[in-house]
Structures are given as structure tokens and as C-alpha cells.
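A.B. asks: Let me give you the structure first, and then I'll get to my questions.
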Amino acid sequence: MNHFALEMKNIVKSFGNVKALSKVNFSVKKGTIHALCGENGAGKSTLMKILSGFYPNDSYEGEIFIDNLLQNFSGTIDSENAGIAIIYQELALVKEMTVCENIFLGHEITKGLFIDWDLAYSKTKDILKEVKLNVNPSAKVSSLGVGEQQLVEIAKAIAKNANILILDEPTAALTEIEANNLLEIIKELRVKGKTCIYISHRLKEVFQIADHITILRDGRTISSDLVKELNEEKLISKMVGRELTNIFPREKREFGKTIFKVKNWTVLHPETGLKVIDNVSFQINKGEIIGISGLMGAGRTELAMSIFGAWGKVTSGELFIEGKKVTIQNESDAIESGLALVSEDRKRFGLVLGMDIKENTTLSSIEKISNYGFMDKNKEIFSTRKFVGDLKIKTNTIEQFVGNLSGGNQQKVVLSKWLMTKPKILILDEPTRGIDVGAKSEIYNIMNQLLDQGILCIIMISSELPEILGMSDRILVMHNGKISGDILQKNANQETIMQYATGHLS
1 MNHFALEMKN IVKSFGNVKA LSKVNFSVKK GTIHALCGEN GAGKSTLMKI
51 LSGFYPNDSY EGEIFIDNLL QNFSGTIDSE NAGIAIIYQE LALVKEMTVC
101 ENIFLGHEIT KGLFIDWDLA YSKTKDILKE VKLNVNPSAK VSSLGVGEQQ
151 LVEIAKAIAK NANILILDEP TAALTEIEAN NLLEIIKELR VKGKTCIYIS
201 HRLKEVFQIA DHITILRDGR TISSDLVKEL NEEKLISKMV GRELTNIFPR
251 EKREFGKTIF KVKNWTVLHP ETGLKVIDNV SFQINKGEII GISGLMGAGR
301 TELAMSIFGA WGKVTSGELF IEGKKVTIQN ESDAIESGLA LVSEDRKRFG
351 LVLGMDIKEN TTLSSIEKIS NYGFMDKNKE IFSTRKFVGD LKIKTNTIEQ
401 FVGNLSGGNQ QKVVLSKWLM TKPKILILDE PTRGIDVGAK SEIYNIMNQL
451 LDQGILCIIM ISSELPEILG MSDRILVMHN GKISGDILQK NANQETIMQY
501 ATGHLS
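Letter 284 of the sequence shown, counting from 1, is numbered 284 in full-length UniProt numbering, and no numbers are missing.
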């Protein structure tokens, strides 16, 4: 008798003429943490949607066994009843409800016709202790940080008596401390006999936490290995089907004159009036990639968005582009001055998911492709096709909805939208968040190409220190709204950056 909590056998799933999964096999042993790895578009999400009942049993071929029992999920309720809980990257909590209400939402504890709130609160306290979350059960979810909300999602799964937890990019929006805390809690769930399926592009975490790794590529199972049988290079090679010999292709180039100068930049929070950016000054030369590092809450995103005229109230400070002072009060001013900002949240601020590739690409440049107030459809199509080709966006048609693209291809569409405005200075806020290692390498190569093709300089904000160290010519480190360190790449390492980021160096 085997000891598998889950077996998925010969799973085939098609969308029209496109085969998303082709005879995929995926088996997970009881009480283990099993990582599911692959590039975006490899089939991970589709496979997990089948397991969670999102795609019913009559929409695919193959078999699912839970504890050796054949399952036929006609919907998500069937999957939940079989002991499966899925925790998505985009949390499914009701922000204006309490922690307790969220945990028992849909399976409320009742006494007669009424909810037994006393028992619900008591059970909530016990479950919160299990996940080491010290919050009041009556606190609104909106008052919690992202890391705390992630733990509420896990508490919710425990309350449903789930034996198999699917965790999809659970640390994507967390600080390093929050992420490490979450990983420890997942390890404790394993000790208690829970089975966890862990999906993450953060390969360091995969090796830190997983017992086994299954790799998907192009909708097929490539291999299933013990973690100790793999290293990062082998894993990446299996995921992408080729060797990535130089993941960070930073190029040495001659730097020119100062292109962008920020002087005494101070920004107030629009609601509290508190300083979020405090007297920041820096300058960037032609051809430079400047990395901005720092812990969550240090002010990195606020700095980028305020420079772009999209956040807060500037109380003082000056901006200079190519030696000329510019006034930026809104995004239109920023675009006109030659700035472009690729936001950290592409789905909220970068894309309109219900629109197609060409509509998104031309969204910020409608006047450039219009004649006498009317859009020139031929220009729109020509411009979009050029960017699809130049940036290697994988699609069959420029009329495909961007919501159906992989994360890496969505990010390329955002880039194409801003490149249409012909910017001088490109600001990238978390440019590779939530995209796979192959797509990351493509984004890095695009950054180099842009500097060769007319972009004067790039500001890159990232929470991933290997990315900061690998692609930056110079690194600015932020702490409490100030720049605490300005380090040349050759003098930088992770320890030094963290010392500046935590305020131990300044």
C-alpha cells in the first residue's frame, strides 16, 4: 500500500485547440512539502485548478486519488469536502469582515438557527495560536498587514480541516522576515501531518522548505525528484529546457553626463501628513541602471510614484532632466517630461485585463497614433506588432486579452505600453515579481537592449537582492524614507545592503 495523500494520473486538459496539460502525473506523499515548479504557462495553475474543483471532472481527462480513493470533483465544494484547500497569491479575504468571520465564512458554527459566536471566537483563538498570529479575532482584516492576512488564509484552511494545502506564491508580497516566519509555520504543519503543495518562483525558498520537487514544462511532467537530488542550476535547466548560462546579463558600458537629478525630495503621506520621503537627493548618469533596495515600508515605491506624479503631496524638492528643471504634478506631466513607470502591481496599475494586447499597448500613447482626433487603426496594429516582435511576447494574436497571458508576457505588454511613449528615463518597480526564471532573464536582456536603443537610464526597485546585485551599476538603499547608502556595484554584497536597509549603516 502506498503512502500518497494525492495522486493525479494522466491528466489532459485542453482549451479549444490548445492543449494546456498533456498526460500529467503528479503524486504527493502524506505529511510532506512538495514543490511544483515550472515557468509561467507550464501548466501549474491549470493543474491546481483541476485539483481544487475549479475545473469540474467532465472538463478534463485523467484520474484523481485522495488517500487511494478515486475522486470526481464537480466543483470546489467537492474538493474542500475531500480535505483540499487552496491559498492563492491574491488573497480571497473579505477585508471589511473580522478575522473570525473570515475564518468561518461559508462553514459557520451554529447553535440552532443562530451563529455560535462564543464558540467561533474560542476556536479562532486556538487556530491563530497554531499559526502564531497574535491578533484579536474581532479585528478587521483590513487592519492587518499582508503577512498577517496570509496567516489568516492558512488559519481558514485549518478551520476547514484541510489535509492538503496548496500554497500559490505565498511569499510574493511579504518581507523577508514575514516570508521566513511563514516558511517556519508551513514546516510545523508538515510535522502535524499536513501535506503541502508549494508553488513559488523563489527557488531559494523551494530548496529551503521542500522535500520533493515536480517540474512541469509545456504542459508535461518533466521529472519528480527529491530535493537533495537537485541544485538550482539543474532545476532551472529542467524548467526552461535549456541552460541559462548568465541569469543576470549586466553589461559594462561607459557612463555619460548626468541625466536625472533629484534634489531634497520630501513627500508627505496624503492621509496622515507624515513624511514618507525625507529630503532625498541622488543623480543618475547616462547609461546607468540604478538599483533601489530596502525593506518593505522604507519608501521605495512612494519615491518612484511621487517622482512620477502619482503619489502623495510633495512639500519640497526639485527634479532635473538633462540639466533642465521640470515640474511634475501628475502622470501627464511625467510622461511629457520623458518619464515612464512600470508599477509593482501590473494588474492594478499597469494593465486593463479585459482589454486586448493592442489596446493595452497603445493606452498611454493614443495621441501618437491618432490623426485629427481619430485613432489610426493601421498605426495601432503596426506599433503593437513591432513591440510583440521586439519583446518576444508569446501570443497568437494581438487581440488576445492580456488577462489570459502569463505573468512574464503581461509584464512585457506593460513595458511595451510605456515604451510607446518614447521615454528618456524608465522606472521599473519590482519588474520580475511573480514571473518565472526564464521570463526574468528575458526582462534583464530587454533592459540592456533599451539602454542601447535610446533609453537614457533605468531606475530598478527590487526586493530581490540577487537581482539588485546582478543588474545594478549602482545601488541606493532606503531606510525610513531616506537614502542610507549609495554603493557602487563592485563594493556591494547582501550583508552590506541589509546593514544599510536596517539602519545599522548610514
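Cβ atoms here follow ideal geometry from the backbone N, Cα and C, with glycine treated the same way. Owing to the predicted nature of the structure, the values given are computational and were not obtained by experimental measurement.
Are there three or more Cβ pairs, one per stretch, closer than 8 Å when the stretch 400 to 414 is compared with the stretch 424 to 442?
C.D. replies: yes
A.B. asks: Under the three-state reduction of DSSP, which class applies to isoleucine 369: helix, strand or coil?
C.D. replies: helix
A.B. asks: For asparagine 330, is the classification buried or exposed, using 16 other Cβ atoms within 10 angstroms of its Cβ as the cut-off for buried?
C.D. replies: exposed
A.B. asks: Where glutamine 89 and glutamine 149 are concerned, what is the direct C-alpha to C-alpha distance, given to the nearest angstrom?
C.D. replies: Across the structure, glutamine 89 and glutamine 149 are spaced so that their CA atoms are roughly 11 Å apart.
A.B. asks: Assign valine 280 to one of three DSSP states: helix, strand, or coil.
C.D. replies: strand
A.B. asks: Less than 8 Å between CB atoms is the rule here; does glutamate 467 satisfy it with respect to chain C?
C.D. replies: Looking at the structure shown, chain C is missing, and only one protein chain is on hand.
A.B. asks: Would you check if there are 3 or more beta carbon pairs closer than 8 Å linking the stretch 63 to 74 to the stretch 103 to 115?
C.D. replies: no
A.B. asks: Use the C-beta contact count for lysine 13: other C-beta atoms within 10 angstroms, 16 or more gives buried, fewer gives exposed.
C.D. replies: buried
A.B. asks: Kindly list the residues whose CB is nearer than 7 Å to the CB of glycine 256, restricted to its own chain and excluding five residues on each side of it in sequence; keep chain order.
C.D. replies: For glycine 256, where only same-chain residues beyond five positions count, the Cβ hits under 7 Å are Asn285, Lys286 and Gly287.
A.B. asks: Kindly indicate the opening and closing residues of the alpha helix (DSSP H) around glutamate 108.
C.D. replies: Here glutamate 108 belongs to no alpha helix (DSSP H), and DSSP marks it neither H nor E.
A.B. asks: Where does tryptophan 265 sit, in a helix, a strand or coil, going by DSSP?
C.D. replies: Reduced to three states, the DSSP call for tryptophan 265 is strand.
A.B. asks: Quick one: using the 10 Å Cβ neighbour count with 16 as the cut-off for buried, is asparagine 396 buried or exposed?
C.D. replies: exposed
A.B. asks: Between the alpha carbons of methionine 1 and isoleucine 185, how many angstroms are there, rounded?
C.D. replies: Summary for methionine 1: the model assigns pLDDT 49, below 50, so the residue's position carries little reliability; its value from the coordinates is reported in the next sentence. Approximately 30 Å between the Cα atoms of the pair.
A.B. asks: Enumerated in chain order, which unbroken segments of the beta strand (DSSP E) with a length of 3 residues or greater are wholly contained in the stretch 140 to 228?
C.D. replies: Within the stretch 140 to 228, the complete beta strand (DSSP E) runs of at least 3 residues fall at 164 to 168, 195 to 199, 212 to 217 and 220 to 226.
A.B. asks: Please determine if the stretch 307 to 323 and the stretch 355 to 368 are in contact, where contact requires at least 3 C-beta pairs separated by less than 8 Å.
C.D. replies: Touching, no, given that fewer than three Cβ pairs across the two stretches are closer than 8 Å.
A.B. asks: For methionine 1, which three-state DSSP category applies?
C.D. replies: Reliability of the predicted coordinates at methionine 1 is poor, the pLDDT of 49 falling under 50, and the value obtained from them is presented with this limitation in mind. Of the three classes helix, strand and coil, the one that applies to methionine 1 here is coil, per DSSP.
A.B. asks: Can glutamate 325 and glutamate 318 be called in contact, C-beta distance under 8 Å?
C.D. replies: Looking at the sequence provided, one finds lysine at residue 325 rather than glutamate. Contact flag set, yes.
A.B. asks: Would you kindly check if the distance between the Cβ of arginine 202 and the Cβ of glycine 38 is under 8 Å?
C.D. replies: Taking 8 Å as the Cβ cut-off, glycine 38 and arginine 202 do not qualify as a contacting pair.
A.B. asks: According to the Cβ coordinates, are lysine 238 and isoleucine 209 closer than 8 Å?
C.D. replies: No, the pair does not count as a contact, with Cβ atoms beyond the cut-off.
A.B. asks: Whose CA, out of Lys377, Glu367 and Leu419, lies closest to the CA of aspartate 390?
C.D. replies: Leu419
A.B. asks: Could you check if alanine 310 belongs to the surroundings of the ligand MG, using beta carbon to heavy atom distance under 7 Å?
C.D. replies: Absence of the ligand MG is noted for the structure shown, with no ligands found whatsoever.
A.B. asks: Three or more C-beta pairs closer than 8 Å, one from the stretch 296 to 306 and one from the stretch 478 to 498: is that the case here?
C.D. replies: yes
A.B. asks: Does DSSP put alanine 42 in a helix, in a strand, or in coil?
C.D. replies: Coil, per DSSP.
A.B. asks: Where DSSP assigns a beta bridge to aspartate 376, which residues make up the other side?
C.D. replies: Answer by DSSP bridge pairing: none, since aspartate 376 is not bridged.
A.B. asks: Give me the Cα-Cα distance between threonine 421 and threonine 502, rounded to the nearest whole angstrom.
C.D. replies: 37 Å
A.B. asks: Isoleucine 425 bridges to which residues according to DSSP?
C.D. replies: Within the DSSP bridge table, the entry for isoleucine 425 names Leu339 and Cys457 as partners.
A.B. asks: Which residue wins for smallest C-alpha separation from cysteine 457, given the options Lys132, Leu426 and Tyr372?
C.D. replies: Leu426
A.B. asks: What residue range does the alpha helix (DSSP H) around glycine 408 cover?
C.D. replies: 407 to 419
A.B. asks: Looking only at its own chain, which residues have a Cβ that is under 6 Å from the Cβ of lysine 412, when we skip the five neighbours before and after it?
C.D. replies: Leu391 and Ile393
A.B. asks: In the structure shown, what three-state DSSP assignment does glycine 62 receive?
C.D. replies: Strand.
A.B. asks: Are there 16 or more other CB atoms within 10 angstroms of the CB of glutamine 504, so buried, or fewer, so exposed?
C.D. replies: Rather than glutamine, the amino acid found at residue 504 in this sequence is histidine. Histidine 504 comes out exposed.
A.B. asks: Taking only the alpha-carbon atoms, compute the straight-line gap between glycine 273 and glycine 62 and give it to the nearest angstrom.
C.D. replies: Answer to the nearest angstrom: the Cα atoms are 58 Å apart.
A.B. asks: Should methionine 460 and proline 431 be called a contact, given that it needs their Cβ atoms to be closer than 8 Å?
C.D. replies: Closer than 8 Å, so yes.
A.B. asks: Near glycine 403, which residues of its chain fall below 6 Å by C-beta distance, leaving aside the five closest residues on each side in sequence?
C.D. replies: Leu353
A.B. asks: Bridge partners for lysine 19 per DSSP, in chain order?
C.D. replies: Ser14
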